[in-house]
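Undergrad: The structure under discussion is supplied below as structure tokens; questions concerning it will follow.
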Amino acid sequence: MGLKNIICGLCWLFTGVSVSVAQTEVGYRQKGKVSYYADKFQGRKTASGEKFNNQEMTAAHRKLPFNTMVKVVNPANGKSCLVRINDRGPYSKERVLDLSRSAAQQLGILQAGWATVNIEVVGLRGEVKTIPSKGLLAEEKNGGDERQRAEVEVALILERQRDEEKKMAEDEVRRMAEDAVRTAEAARLASEANFKLNQSYSAGGVEKAPAGFGVQVGAYHNLDDAKDTAGKLFQSSAEEVYIRVMEADGGKVYRVLAGAFDKRATARKFLAVVEKAGYACFVKRHAE
């Protein structure tokens, strides 16, 4: 029994799929429609045992052995990519491949959802034989044969694909940073909405009702600044610290006061303690 027949037999034994000799060789070509996986398949187990990842350059084919490397060309726009077979499908006979979202993006078919493409096996066991891209133009000028030109093309695709994957990763990091900023801003606005005018709160946002006099150490238009001062003052003071919300110039002002004393004279004594902690402060009635 020849080696090729043994390979085909092993494919049938381990995958249950009949594979022709041609499909186990570099250079096998096929034409047909492709689509891409829905997001709901993210993280699910593929037929090869791997977890599906929409960000990786993978695809499903009904017969090609797992880890076969396939070049996919979209003749409608000239875009191409390399994918690794790690799943079985498509279950529709009209299609030859189901692609990951990243592969579909590189082929420019996300909006349409499908395309008619040309596919070619360019490697086995997850490896692709290529000529280094820097030396290939000279190779072609000297009249390199068809196989050399194919290897050159694959090398260029790999180089471009790495650049695109790097850009996609950078875009994802930038998107996550922008989302974090928006989330923080939304949280800030929600927090400010919970601090109502003419009310007093602890630094944590719990509504309080202090009476009498306190020692004011600051007034802020930014709630986070008021919380920061209140937190620091609480660490250096034996008295409770409050944030009083008032209106000024059409907006909110957050006053930070420490203590709640019945008499102004008692508040003045505490003022001396706060001044020693390094704060410029004065006595003020809580309700004012």
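The sequence shown begins at 1096 in this note's numbering and counts up by one. From the three backbone atoms N, C-alpha and C, an ideal C-beta is built for every residue, glycine too. Owing to the predicted nature of the structure, the values given are computational and were not obtained by experimental measurement.
How big is the Cα-Cα spacing for P1227 and Y1131?
TA: The predicted model places P1227 with a pLDDT of 40, which falls under 50 and marks its position as unreliable, so this point remains unresolved.
Undergrad: Is the separation between the beta-carbon of A1074 and that of V1336 shorter than 7 angstroms?
TA: Given that the chain is displayed from residue 1096 to residue 1383, the structure contains no residue 1074 and the question cannot be resolved.
Undergrad: Give me the DSSP bridge partner(s) of V1336.
TA: A1353
Undergrad: Quick one: what does DSSP say T1163 is sitting in, helix, strand or coil?
TA: Judged by DSSP in its simplified three-state form, T1163 adopts coil rather than helix or strand.
Undergrad: Let's test the definition: count the other Cβ atoms within 10 Å of the Cβ of T1163 and tell me whether it reaches 16, buried, or not, exposed.
TA: buried
Undergrad: Please state whether DSSP places G1326 in a helix, a strand or coil.
TA: DSSP places G1326 in the helix class (H, G or I) of the three-state scheme.
Undergrad: Going by DSSP, what residues sit across from A1314 in a beta bridge?
TA: R1350
Undergrad: What separation, rounded to the nearest whole angstrom, lies between the Cα atoms of N1293 and A1264?
TA: So the alpha carbons of these two residues sit roughly 48 angstroms apart.
Undergrad: Give me whichever residues DSSP pairs with K1371 in a beta bridge.
TA: In DSSP, K1371 forms no bridge with anything.
Undergrad: Give me the Cα-Cα distance between G1208 and R1157, rounded to the nearest whole angstrom.
TA: When only Cα atoms are considered, G1208 and R1157 end up about 20 angstroms apart.
Undergrad: In the DSSP assignment, find the unbroken alpha helix (DSSP H) run with G1157 in it and report its ends.
TA: Here residue 1157 is Arg; the residue named in the question, Gly, does not match the sequence. Element bounds for R1157: n/a, residue is neither H nor E.
Undergrad: Run through DSSP, which three-state label would N1169 get?
TA: strand
Undergrad: So Q1040 is in the alpha helix (DSSP H); what residue range does that whole segment cover?
TA: The question about residue 1040 has no answer here: the residues shown for the chain are numbered 1096 through 1383.
Undergrad: In terms of alpha-carbon separation, which member of A1375, E1383, I1180 and D1319 lies closest to R1339?
TA: E1383
Undergrad: Reducing DSSP to helix, strand and coil, say where R1359 ends up.
TA: Here R1359 sits in helix by DSSP.
Undergrad: Report the CB separation of F1136 from F1147 in whole angstroms; it is logged as a contact under 8 angstroms.
TA: The pair is a contact, with the Cβ atoms about 5 angstroms apart (cut-off 8 angstroms).
Undergrad: Could you tell me if L1205 is buried or exposed, where buried requires 16 or more neighbouring beta carbons within 10 angstroms of its beta carbon?
TA: exposed
Undergrad: As a quick exercise: from S1175, G1299, S1332 and H1381, pick the residue whose alpha carbon is nearest that of D1357.
TA: H1381
Undergrad: What number of angstroms, rounded off, separates the C-alpha of G1127 from the C-alpha of I1180?
TA: 16 angstroms
Undergrad: Have a look at N1149 and A1198 and give me their C-alpha separation to the nearest angstrom.
TA: Roughly 9 angstroms between the two C-alpha positions.
Undergrad: Would you identify the three-state DSSP class for R1124, choosing helix, strand or coil?
TA: strand
Undergrad: Quick one, are the C-beta atoms of Y1296 and A1321 less than 7 angstroms apart?
TA: Contact flag unset, no.
Undergrad: How about L1194 and A1154: are their beta carbons less than 7 angstroms apart?
TA: yes
Undergrad: From this set, E1120, S1187, G1144 and N1172, which residue's C-alpha is nearest V1129's C-alpha?
TA: S1187
Undergrad: Ordered along the chain, which non-local residues of its own chain (more than five positions away) have a Cβ less than 6 angstroms from that of Q1125?
TA: V1191 and I1214
Undergrad: May I ask you to report which of helix, strand or coil DSSP gives D1182?
TA: Three-state result, D1182: strand.
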